[in-house]
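Numbering (the working numbering), first residue to last: 66 to 411. The C-beta atom is built at its ideal place from N, Cα and C for all residues, glycine as well. Inspection log for the structure reproduced underneath, given as structure tokens.
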Amino acid sequence: MNRTDIKSMDLEELTEYIKSQGLPQFRAKQLYEWMHVKLAASFEEMSNIPLKLRRELEEKCELTVLEKVRVQVSEEDGTAKYLFMLSDGNLIESVLMRYHHGNSVCISSQAGCRMGCKFCASTIDGLARSLTPSEMLDQIYRIQQDTGERVSNVVVMGSGEPFDNFDNFIRFERLLTDGNGLNISARNLTVSTCGIVPKIYELADMKLQLTLAISLHAPNDEKRRELMPIANVYSIDEIMKACRYYINKTGRRVTFEYSLVKGENDTDLCAMELSRLVKGMNCHINLIPVNPIKERDFRQSDAVRISRFKSKLEKNGITVTVRREMGRDIDGACGQLRKSYMEHLK
Ligand code: SAH
66 MNRTDIKSMD LEELTEYIKS QGLPQFRAKQ LYEWMHVKLA ASFEEMSNIP
116 LKLRRELEEK CELTVLEKVR VQVSEEDGTA KYLFMLSDGN LIESVLMRYH
166 HGNSVCISSQ AGCRMGCKFC ASTIDGLARS LTPSEMLDQI YRIQQDTGER
216 VSNVVVMGSG EPFDNFDNFI RFERLLTDGN GLNISARNLT VSTCGIVPKI
266 YELADMKLQL TLAISLHAPN DEKRRELMPI ANVYSIDEIM KACRYYINKT
316 GRRVTFEYSL VKGENDTDLC AMELSRLVKG MNCHINLIPV NPIKERDFRQ
366 SDAVRISRFK SKLEKNGITV TVRREMGRDI DGACGQLRKS YMEHLK
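Structure representation (structure tokens):
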């Protein structure tokens, strides 16, 4: 029998579930607190729940707790990359980044990915499966427990395409920002998508206060198709229209991510085209020097090119940042640690 995934339930649902088991309602609140505030890693720890009931719950319910397989800590900047094992043996990775303004955790939304972006290591072996809400949450919970330091920001920018796992992502968002749980503000949550247009509209209509980031990586469809297969499904025009709708509905600024690949998308002409695309939009461009992976021969634009690209955009009145590279010495790019670990197992 499949055990019930109680950590993916909100307090109301958990209360219904507890009542359906003939148990008093207040047990739901206790359980919820153990899972989402005290971040308990076992039923064993839940000391205000009678032992007999703990055993009973353990039999019926799944308490999603990820197993830490390996942690790699960067000597350069303290960035820590976690490799976790899911209960079915699948592996995922998450990254803790330490900034002055607090700790940020980058989580995976799927084990593997089926989007096929050319520069990305996560997608090389395809999609294993989507993660449940509790598996997304627990990446943050385990890291907070492991370090003893509060996580203040969450970015859904690890392996996987969150909008290819949309319903679970939305549920995850609700649980993460719940005042009865870890209570992380939606404003401190960023979700990054390769641009699945219908989901951008759906998200806009929910009017959440999170930050939407779009992986653009090219200023026109032709170039984008060379890097991202999803560009064969949705055009940049459609993405921009959806983003404008999103901005109107939510009042939030959208981020465009643009990974600079030497000789591919880093020319002055590209910077001009990109400027034209986003002109007048309430947005921000995040330039990412591409992180070379060994399976592909994409190379990073040199520093002079990056700064020229940036200043071209700035001259057109666009807000730009260049992402600080963190954890380069620890397989920083999405999916690299998982992949190298799996290869070592083969
Ligand atoms: N599927 C989502 C989120 C995952 S990737 C998305 O496409 O947005 C998070 C960001 O890192 C995306 O912008 C992705 O395109 C980028 N990325 C992936 N591999 C990279 C690499 N090797 N170098 C630079 N950026 C990379």
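Reduced DSSP secondary structure (H/G/I, E/B, other) of PRO227
Position 162 of the sequence shown, counted from the first residue, corresponds to residue 227. Three-state result, PRO227: helix.
With distances taken Cα to Cα, identify the nearest neighbour of ILE371 among GLU360, ILE358, ASN351.
Mapped onto the sequence shown, residue 371 falls at position 306. Ranking GLU360, ILE358, ASN351 by Cα distance to ILE371 puts ASN351 first.
Between GLU379 and VAL385, what straight-line distance do the alpha-carbon atoms span, to the nearest angstrom?
As a working note, residue 379 is residue 314 in the sequence shown. As a working note, residue 385 is residue 320 in the sequence shown. Going from the Cα of GLU379 to the Cα of VAL385 covers about 7 Å.
With distances taken from CA atoms, which of SER187, GLY167, ILE353, ILE265 is nearest VAL219?
For the purposes of this step, residue 219 is taken as the residue at position 154 of the sequence shown. VAL219 has its Cα closest to that of GLY167, out of SER187, GLY167, ILE353, ILE265.
Completely contained beta strand (DSSP E) runs for the region 303-372, where each covers 3 or more residues
319-325, 348-354
Taking DSSP as the reference, what is the three-state secondary structure of GLN137?
Counting from 1 along the sequence shown, the entry for residue 137 is found at position 72. Looking at GLN137 - three-state DSSP - the assignment turns out to be strand.
Is PHE184 near the ligand SAH, judged by its Cβ being under 7 Å from some heavy atom?
Position 119 of the sequence shown, counted from the first residue, corresponds to residue 184. Yes, the ligand SAH has a heavy atom inside 7 Å of this Cβ.
Would a C-beta distance cut-off of 8 Å place SER199 and LYS72 closer than the cut-off?
As a working note, residue 199 is residue 134 in the sequence shown. As a working note, residue 72 is residue 7 in the sequence shown. Closer than 8 Å, so yes.
Under 7 Å: does the beta carbon of VAL355 sit that close to some heavy atom of the ligand SAH?
Indexing the sequence shown from 1 puts residue 355 at position 290. At least one heavy atom of the ligand SAH is nearer than 7 Å to the Cβ of VAL355, so yes.
On the three-pair Cβ rule with 8 Å, is the region 153-160 touching the region 251-260?
no
Hey, could you find the ends of the beta strand (DSSP E) LYS272 is sitting in?
On the sequence shown, position 207 is the one that residue 272 refers to. Careful: LYS272 lies outside any beta strand (DSSP E) and carries neither H nor E.
Could you name the residues of the same chain whose beta carbon sits closer than 7 Å to that of ASP70, not counting the 5 residues immediately before and after it, in chain order?
Reading the sequence shown from its first residue, position 5 is the one you call residue 70. Closer than 7 Å at the Cβ level, and outside the excluded window around ASP70, lie GLU127, THR129, THR197, SER199.
What residue from ARG361, VAL138, GLY177 has the CA that sits closest to ARG163's CA?
Along the sequence shown, read from residue 1 onward, the residue named residue 163 stands at position 98. Answer by Cα proximity: VAL138.
Going by the C-beta, is CYS348 closer than 7 Å to any heavy atom of the ligand SAH?
The residue you call residue 348 lines up with position 283 of the sequence shown. Checking the Cβ of CYS348 against the ligand SAH gives no.
Secondary structure at GLN204, three-state DSSP: helix, strand or coil?
The residue you call residue 204 lines up with position 139 of the sequence shown. Helix at GLN204.
Quick check on the DSSP output: what are the complete beta strand (DSSP E) runs of length 3 or more inside the region 114-162, in order along the chain?
132-138, 145-150
Per the DSSP calculation, VAL170 is bridged to which residue(s)?
Walking along the sequence shown from the start, residue 170 turns up at place 105. BP columns for VAL170 point to LEU161, VAL219.
Among THR242, LEU247, LEU277, LYS272, which has the Cα closest to the Cα of PRO227?
Taking the first residue of the sequence shown as position 1, residue 227 is located at position 162. That would be LEU277, whose Cα lies nearest to the Cα of PRO227.
Could you tell me whether any Cβ in chain C is nearer than 8 Å to the Cβ of SER139?
Absent from the structure: chain C. Only one protein chain is present.
Using beta-carbon positions only, say whether ALA283 and THR315 come within less than 8 Å of one another.
Mapped onto the sequence shown, residue 283 falls at position 218. Mapped onto the sequence shown, residue 315 falls at position 250. Contact flag unset, no.
Looking only at its chain, what residues have a beta carbon closer than 8 Å to the beta carbon of MET111, apart from the 5 residues adjacent to it on each side?
The residue given as residue 111 occupies position 46 in the sequence shown. Same-chain partners within the cutoff: GLN95, LEU96, TRP99, ALA105, ARG119.
By how many angstroms is the C-alpha of ASP75 removed from the C-alpha of GLU322?
Counting from 1 along the sequence shown, the entry for residue 322 is found at position 257. Counting from 1 along the sequence shown, the entry for residue 75 is found at position 10. Cα-Cα distance, rounded: 32 Å.
Looking at the ligand SAH, does it come within less than 7 Å of MET201, judged from the CB to the closest heavy atom?
Taking the first residue of the sequence shown as position 1, residue 201 is located at position 136. It does not: the Cβ of MET201 is nowhere closer than 7 Å to a heavy atom of the ligand SAH.
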